[in-house]
RNA sequence: CGGGGCGUAGCGCAGCCUGGUAGCGCAACAGUUUUGGGAACUGUAGGUCGUUGGUUCAAAUCCAAUCGCCCCGACCA
């Protein structure tokens, strides 16, 4: 992409509406624009990051054997009246009435809808286990939206639902999700700690939240610091292997890690030696639940078991806050110059800075590198504006491009271009002819 | 929903107390000189001062209502 042809409305000054770092940087980098409190437009750069995250989430879900579908944002009120949540959910639910005076709502979550889909099509235990998920915009009319996309009213969320014939099977589904989430967050570059959680309005009796430590987080968490050394690794997991999944879950949920909702100070002192006791703020980026037959019973989600009896299915639900993750990643990766995207979610992996647009050789070399990287699918961002070098460096750093290639007459005299790592800030000189192959190795 | 703050050009702000020609910086546009860490100069364009009503000869400024945004709390991916 040529910057002169791109839409990147960066701001030199921070709009007064922003308070926390990620929100400020997202506005300054031209990623989002607020439409109204808690509701945002995603500009091209922001959308790229959002879609990169979405892509990783989808890949890891499918790898674990979960099936994508897409449910609508607007749902009939009647379904929620059936489950009993229409009145329970309260003011947070955005209620709508259509021209026929039918009561509708903008979905804050999808348990009712998915259960209805399930019960109208799945009749036999032989069709289980089944896990369906989608990534769709949700709306929760929060009393007080804040922190940009971290607590918006409209937000993009991956939500998944598992259906199993027995509790044991459902626990395996739970474990499978926990493991796939560990892998997902690791690919996003994040250290997300599974913590024992409260089940809240979703209900049920078994739940973990995934939290990313950050000063600006809304939760207070208490944990054994040794869990920070855990690495999931890229190891291939057999998600059908009950024992293997259970082992990983046991390992990751053994250390004390709880949010303020479930924190037990006595147990904390008893189980975790003083020097390993960690207390921090954290951002919640996902949660998984097992809730048994809470929805399947009232919604009539029954299947015929092997003995011919009608039994309600055991269910669980699982969510990842996709749009919130954009903010959470920035909270985890930034410095005073701007964002430092992990390579896996970066909107562009490589930036090319032409330091002197008036210099013919510089332009030729830039064009050559640009076209070679473009044809090999590396999606570089080429800053071809008539700006001074300093301004271009500042922009690349602000928007967080992991690798920057600097091309100018000064280097070309020596036959080199400069390669700068956004994360370490280190630069090295690379012979002009080697830069493209080196980038391929690095990204 | 309780408490507080703020709405003036795309962004950041001053002007309001003490009513009388709407201003500054950045961004934008044109030109010239520049060209490796947010360039300089000259010029240009951009505003029904959130909205409505009131007071007044006269309202960005005073009064009232209303809408919106932000912060602190109680609730939440």
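Numbering (our numbering), first residue to last: 44 to 486.
Backbone N, C-alpha and C define an ideal beta-carbon position, used for all residues, glycine too.
Could you check if residue 350 is buried or exposed, using at least 16 other CB atoms within 10 Å of its CB as the buried criterion?
With fewer than 16 other Cβ atoms within 10 Å, it is exposed.
Could you say which of 310, 284, 313 and 319 lies nearest to residue 272 if we only look at CA atoms?
Checking every option, the nearest Cα to that of residue 272 belongs to 319.
Considering only DSSP beta bridges, list what residue 194 is partnered with.
Listed as beta-bridge partners of residue 194 by DSSP are 189.
Helix, strand or coil for residue 130 per DSSP?
Three-state result, residue 130: helix.
For the pair the region 79–96 and the region 193–209, tell me if three or more CB-CB distances fall below 8 Å.
With the rule of 3 Cβ pairs closer than 8 Å, the region 79–96 counts as touching the region 193–209.
Pick from 249, 118, 267 and 433 that is closest to residue 451, judged by C-alpha positions:
With distances taken between Cα atoms, residue 451 lies closest to 433.
So who's on the other strand from residue 463, going by DSSP bridges?
Checking the DSSP bridge columns, you'll see residue 463 partnered with 447 and 470.
Separation of residue 64 from residue 479, as counted between CA atoms
Whole-angstrom Cα-Cα distance: 34 Å.
Nearest candidate by alpha-carbon position, reference residue 441, set 187, 285, 407 and 389
Measuring from the Cα of residue 441, the nearest candidate turns out to be 389.
Start and end of the alpha helix (DSSP H) containing residue 228?
Counting along the chain, the alpha helix (DSSP H) containing residue 228 begins and ends at 210–230.
What does the alpha-carbon distance come out to for the pair residue 376 and residue 454?
Computed Cα separation, rounded: 30 Å.
By alpha-carbon positions, which one of 113, 417 and 60 ends up nearest to residue 179?
Ranking 113, 417 and 60 by Cα distance to residue 179 puts 113 first.
Cβ atoms of residue 391 and residue 321: under 8 Å apart, would you say?
At least 8 Å separates the beta-carbon of residue 321 from that of residue 391.
Which whole-angstrom value describes the C-beta separation of residue 71 and residue 92, a residue pair presumed to lie in contact below a C-beta threshold of 8 Å?
No, residue 71 and residue 92 are not in contact; Cβ-Cβ is about 14 Å, not under 8 Å.
Are the Cβ atoms of residue 370 and residue 44 separated by less than 8 Å?
Cβ distance not < 8 Å, so residue 370 and residue 44 don't count as in contact.
Between the region 199–207 and the region 160–178, do at least 3 Cβ pairs fall closer than 8 Å?
By the Cβ rule, the region 199–207 counts as touching the region 160–178, because three or more pairs are nearer than 8 Å.
What residues are listed by DSSP as bridge partners for residue 327?
254.
Opposite residue 378 in the DSSP bridges: which residues?
381, per the DSSP bridge assignment.
Three-state secondary structure (DSSP) at residue 143?
Three-state result, residue 143: coil.
Under 8 Å between C-beta atoms of residue 374 and residue 326:
In this structure, residue 326 lies closer than 8 Å to residue 374 by Cβ.
Who are the near neighbours of residue 161 in its chain, counting only those whose CB is closer than 7 Å to its CB and skipping five residues on each side?
Around residue 161: 206 and 344.
Out of 144, 332, 129 and 448, which has the shortest C-alpha to C-alpha gap to residue 150?
For the options 144, 332, 129 and 448, the alpha carbon positioned closest to that of residue 150 is the one of 129.
Under 8 Å between the Cβ atoms of residue 214 and residue 348?
No, Cβ-Cβ distance for residue 214 and residue 348 is not below 8 Å.
The region 327–338 touching the region 308–317, judged by at least three CB pairs closer than 8 Å
Counting Cβ pairs under 8 Å, fewer than three are found: no touch.
Would you call residue 431 buried or exposed, if buried means 16 or more other Cβ atoms sit within 10 Å of its Cβ?
By the 16-neighbour rule on beta-carbons within 10 angstroms, residue 431 is exposed.
Answer yes or no: do residue 338 and residue 174 have a C-beta to C-beta separation smaller than 8 Å?
For residue 338 and residue 174, no; Cβs fall outside 8 Å.
Over the uninterrupted beta strand (DSSP E) stretch that includes residue 271, give me the two end residues.
Residue 271 -> no beta strand (DSSP E), and no H or E assigned at all.
Residue 153 in three-state terms, based on DSSP
Collapsing the DSSP output to three states places residue 153 in coil.
Spatial distance of residue 51 from residue 166 (CA atoms)
Straight-line measurement puts the Cα of residue 166 at about 51 Å from the Cα of residue 51.
Should residue 293 be labelled buried (16 or more other beta-carbon atoms within 10 Å of its own) or exposed?
Exposed, by the Cβ-count rule.
Would you grab the beta carbon distance between residue 260 and residue 219 for me? Rounded to a whole angstrom, and I think it's under 8 Å.
Rounded to whole angstroms, the Cβ separation of residue 260 and residue 219 is 27 Å, and the two are not in contact under 8 Å.
For residue 225 and residue 183, I'd like the C-alpha separation in whole angstroms.
Straight-line Cα distance between these residues: approximately 26 Å.
Would you mind giving the Cβ-Cβ distance between residue 104 and residue 223, rounded to the nearest angstrom? I have them listed as a contact below 8 Å.
The beta carbons of residue 104 and residue 223 sit about 7 Å from each other, so the pair counts as a contact at 8 Å.
Use the C-beta contact count for residue 360: other C-beta atoms within 10 angstroms, 16 or more gives buried, fewer gives exposed.
Buried is the call here.
Can you list, in chain order, the residues of its chain whose CB lies under 6 Å from that of residue 409, leaving out five sequence neighbours each side?
Its chain contains 395, 397 and 450 as the residues whose beta carbon lies nearer than 6 Å to that of residue 409, once the 5 sequence neighbours on both sides are disregarded; these appear in chain order.
Can you pull the DSSP bridge partners for residue 238?
In DSSP, residue 238 forms a bridge with 252.
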